[in-house]
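Quick note on numbering: the sequence shown equals residues -17 to -1, 1 to 129 in mature numbering (1 follows the signal peptide of the UniProt record, and there is no 0).
Only one structure is covered here, and it is reproduced in the block below.
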Amino acid sequence: MRVCHFLLCGLLNIVVGLLCLCGGPGGQNVNKVNTKVDMRFNVTNAYWLNDRIRERIMQMEKNRINKDGEIVISSTKTRTQKGNIDDALAKLQAIIDVASYVPPPPSEEQKKKIAKMAAIGEQKRLKSKKALSDKKAFRRSRDSWD
């Protein structure tokens, strides 16, 4: 489910990209052309994102967010600048998609199954408590035999 898929087109105006030399595929081309993409996306200033989505991104990607509130995404996957820019945008889109996913509510059948499992668990708990209580009661009654 791609909630924010339409944003990719306008995303190029919001992200800051930096191109530099890198290793990776491309042969001699990598020594001549700046193909590595370091893309910075400021999550805190992304006013067009829902607050819940923004908070989830901040929580899920906390190790990749710098002190300015920017996610730094790098790409050296292809030998072309455009390919790496597209790859970095796809990574950003994947982050937004994962953060915006809302699981569907459980169906009536699932609710019944959950309630049934909870009742079975409660019965097992009470049965084990009763067994422990009986064992302790038996021990107390044996003391009077002395």
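Beta carbons: idealized from backbone N, C-alpha and C, even for Gly.
These numbers come from a predicted model, not from an experiment.
For residue i, the residue or residues it bridges with in DSSP
i, result
"Phe24", "Ile54"
"Ile48", "Ile54"
Beta-carbon gap between residue i and residue j smaller than 8 Å
i, j, result
"Ala71", "Ser58", "yes"
"Asn67", "Lys60", "yes"
"Thr18", "Gln64", "yes"
"Ile40", "Ala98", "no"
"Arg37", "Ala29", "yes"
Residue of the options minimising C-alpha distance to residue i
i, options, result
"Val16", "Lys119, Ser90, Arg62, Ile79", "Arg62"
Worksheet item: For the 8 Å Cβ check, are there 3 or more pairs between the segment 46 to 56 and the segment 17 to 27?
Response: yes
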